[in-house]
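Let me begin by presenting the structure, written as C-alpha cells, before commenting on it.
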Amino acid sequence: MILVRSVIYFVAMVLTVVVFGSTIGLFGWFLPTRFSDVLATRWGLLNLWLLRVLCGLRYQIDGIENLPLGPCIVMSKHQSTWETLALRGLMQPAQSWVLKKELMQLPIFGWGLRFARSIPIDRAAGRRAVLKVVEDGKARLAEGRYVVIFPEGTRTAPGERRKYGMGGGVLAERSGAEVIPIAHNAGVFWRRRGVKKYPGTIRVVIGPAISSGGKKAAEIMQEVETWIEGQQENLPISIN
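If you count the sequence shown from 1, you need to add 23 to reach my numbering.
In C-alpha cells form, the structure reads like this:
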C-alpha cells in the first residue's frame with residue numbers, strides 16, 4: 024500500500040510541476056517576480072497537502088518564529104527531496120535558491136526556477152562557483168530575499184554527514200547577513216533513493232539567527248555546522 028500511495032503521489036507531483044511550471048513560464052516573462060514567487064510557494068504548500076493526504080506524511084516545526092521578515096541566508100540539512108518542497112512552501116515567498124545549473128535546463132521545472140530568481144552554479148567550478156554565490160547572493164539579499172543554501176551540496180542519509188561547503192559562509196561574511204540554520208529528519212520518511220514515502224511526522228527545527236558581523240567565513244560555517252549537526256543528533260533516524 025505504501026508503494027501504491029507513493030506512486031500516486033509521484034504522478035500527482037509531476038502534474039503539479041507541469042501546471043505550475045507552465046504557468047510561471049508563460050506569465051513570468053512580463054509579470055513581476057512576486058507572481059512567480061507566490062505561485063512557487065503555493066506549489067510547495069500543495070505538495071505538502073498531497074503528501075499528507077496520499078502518503079500520510081506530516082511535519083512538525085519548532086522555531087518558526089526564528090524566520091525573519093527581512094533578508095537572510097537559510098542553511099538547511101539536505102536529506103531528501105522533501106525539504107525542497109517544504110521550505111519553498113513554508114517560508115516567505117521571496118526566496119532564491121542556490122542550486123546546480125543542470126536543474127535550470129529541465130523543461131517546465133527549469134522555467135519555474137528561472138523566474139523565481141534562483142542562483143545556478145557549476146559545482147565543479149570550485150572558487151568560481153563560490154564567487155557566483157557571493158555576487159548573485161548579495162544582489163538577491165539586497166532585493167529583500169531569502170537565499171537558501173544546502174551547505175553539504177548533496178543529499179545525505181539520516182545519521183550521516185558531509186563536509187560543509189564555504190560558499191554560504193563567504194556570502195555571509197561579505198554581506199553581513201544573518202544565517203538561519205535548519206535541521207530535520209525528512210530522509211527517514213522520504214529517502215534519497217527509492218520511490219516510497221513512509222507515513223509519519225517529519226521533525227523540523229529552525230534555529231535562532233547566527234550573526235555574521237565581524238566573523239570570518241570559516242567561523243560562521245563552524246557555528247552553522249555545530250548547530251545543525253547538534254540538532255540532528257536529537258532527531259529520530261528510523262521509523263518507530
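The C-beta atom is built at its ideal place from N, Cα and C for all residues, glycine as well.
- Cβ neighbours of E183 within its own chain (closer than 7 Å, five residues either side excluded): none.
- Between I25 and S235, the alpha-carbon positions lie close to 44 Å from each other.
- In this structure, V97 lies near V171, with their beta-carbon atoms less than 8 Å apart.
- Here V41 has I131 as same chain residues with Cβ atoms under 8 Å from its own Cβ, once five neighbours each way along the sequence are excluded.
- In the DSSP annotation of this structure, the continuous segment of the beta strand (DSSP E) that includes I84 starts and ends at L80 to D85.
- Q255 and R137 have their C-alpha atoms some 32 Å from each other.
- In the DSSP assignment, the residues bridged to R226 are Q83.
- Taking all protein chains in view, the Cβ of A241 is surrounded by fewer than 16 other Cβ atoms within 10 Å, so the residue is classified as exposed.
- DSSP places M98 in the uninterrupted beta strand (DSSP E) bounded by C95 to S99.
- If you look at L108, you'll find it in the alpha helix (DSSP H) that goes W105 to L113.
- Residue pairing from DSSP places V202 in a beta bridge opposite I96 and I233.
- Under the three-state reduction of DSSP, K186 is assigned to coil, being neither helix nor strand.
- Judged by DSSP in its simplified three-state form, Y221 adopts coil rather than helix or strand.
- Judged by their CB atoms, T39 and W66 are nearer to each other than the 8 Å cut-off.
- The residues Q102, S103, W105, E106 and I225, in chain order, have a CB closer than 6 Å to that of A209 in the same chain once the five nearest residues on each side in sequence are set aside.
- Taking all protein chains shown into account, S261 has fewer than 16 neighbouring C-beta atoms within 10 Å of its C-beta and is therefore exposed.
- The continuous alpha helix (DSSP H) containing I243 extends over residues A240 to Q255.
- According to the DSSP assignment, K123 belongs to the beta strand (DSSP E) that extends over Q118 to K123.
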